[in-house]
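If you read the sequence shown in the UniProt record's numbering, its first letter stands for residue 1, the second for the next number, and so on.
Just so you know, even glycine gets a beta-carbon here, dropped at the ideal spot from N, CA and C.
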Amino acid sequence: MADRLAPGAPAPKTPPTRVLLADDHTLVRRGVRLILDGEPDLTVIAEAGDGAEAVERARAGDIDLAVLDIAMPRMTGLQAARELSRRLPDLRILILTMYDNEQYFFEALKAGAGGYVLKSVADRDLVEACRAVVRDEPFIYPGAERALVRSYLDRLHRGDGVGGLPERPITEREEEILKLVAEGHTSREIGTLLFISAKTVERHRANLLQKLGMRDRLELTRYAIRAGLIDP
1 MADRLAPGAP APKTPPTRVL LADDHTLVRR GVRLILDGEP DLTVIAEAGD GAEAVERARA
61 GDIDLAVLDI AMPRMTGLQA ARELSRRLPD LRILILTMYD NEQYFFEALK AGAGGYVLKS
121 VADRDLVEAC RAVVRDEPFI YPGAERALVR SYLDRLHRGD GVGGLPERPI TEREEEILKL
181 VAEGHTSREI GTLLFISAKT VERHRANLLQ KLGMRDRLEL TRYAIRAGLI DP
């Protein structure tokens with residue numbers, strides 16, 4: 001027979017949402033943590049300084065929500081979100097970024113994130129966004145609503161229909177290679193990080209140069225900055 005609460009007894013408390021916070025700036029993490037830990041239903045139990053570390057930490061299995069910055073070393077927040085969505089489909093993901101950028105917003109949704117919050121208004125929107133994503137409800141910041149409508153109308157005017165996003169110019173693996181090349185890693189170091197051979201890295205790098213119509217590492221680095229893969 002199931003136990004019943006005695007009359008007047010308080011209802012059992014729901015444990016707080018366990019949050020992983022990933023950002024390569026210690027001061028940003030500290031500020032965001034203060035915001036989240038100030039709420040009774042949210043608690044930051046882990047931090048990471050880059051996307052790869054965030055994936056590794058989340059796979060430990062005790063995280064309910066991952067809050068990921070977009071621009072981080074080794075692996076961006078979008079790359080980490082894709083990896084986590086594949087490996088941990090029940091994990092909730094929220095992107096926290098300084099970029100008020102329509103394309104990043106759509107890429108975040110495509111990567112499996114349930115919301116996108118600007119750092120400039122984190123003190124206002126972050127807690128609400130975390131709670132919405134945990135409830136499996138999408139969180140859309142006010143500026144993105146206009147972007148969604150504009151993109152919808154543009155596709156209608158072009159006769160493209162309303163399904164799908166523009167095709168990515170490079171594959172996810174090529175994006176990983178591009179980011180690490182732009183960060184100054186050698187082919188051998190990239191191979192070690194991604195568990196592939198240096199020769200495979202060189203092949204991907206050659207494909208990148210050809211696809212993007214570029215000649216050398218400098219041009220790839222400039223492209224990576226424009227694409228938000230690394231900070232300028």
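Can you find the residues in the same chain that come closer than 7 Å, C-beta to C-beta, to residue i, ignoring five residues on each side of it along the sequence?
i    : result
Q99  : Checking the sequence shown, residue 99 turns out to be Tyr, not Gln. Only I70, G228 meet the Cβ criterion.
Y104 : I70, T97, G228
L165 : With a pLDDT of 48 at L165, under the threshold of 50, the modelled position of that residue is not reliable, and the figure given next carries that caveat. Within the same chain, L165 has close Cβ partners F106, K110.
A122 : V32, I35, L96
T26  : none
Run through DSSP, which three-state label would residue i get?
i           : result
L229        : coil
E47         : strand
F105        : helix
I190        : helix
T97         : strand
Y141        : coil
A22         : strand
D123        : helix
L220        : helix
R59         : coil
residue 293 : Any answer about residue 293 is impossible in this case: the structure gives the chain only from 1 up to 232.
R87         : helix
R203        : helix
G115        : strand
residue 237 : This structure cannot settle anything about residue 237, because the visible part of the chain is limited to 1 through 232.
Can you tell me whether residue i is buried or exposed, with buried defined as 16 or more other CB within 10 angstroms of its CB?
i    : result
T171 : exposed
S120 : exposed
K179 : buried
L34  : exposed
L218 : exposed
D90  : exposed
A54  : buried
Q79  : buried
A182 : buried
T76  : buried
Thinking residue i and residue j are a contact (beta carbons under 8 Å), I'd like their distance in whole angstroms, please.
i    : j    : result
D37  : V44  : 6 Å
L208 : I177 : 7 Å
S85  : G112 : 3 Å
R92  : G114 : 6 Å
V67  : A22  : 7 Å
L194 : R74  : With 8 Å as the limit, L194 and R74 do not qualify as a contact, their Cβ atoms being about 10 Å apart.
P16  : L42  : 6 Å
A198 : R188 : 5 Å
Establish whether the CB of residue i and some CB of chain B are separated by less than 7 Å.
i   : result
P16 : The displayed structure is made up of one protein chain only, and chain B is not part of it.
Looking only at its own chain, which residues have a Cβ that is under 8 Å from the Cβ of residue i, when we skip the five neighbours before and after it?
i    : result
T200 : G191
K211 : P169, I170, E174
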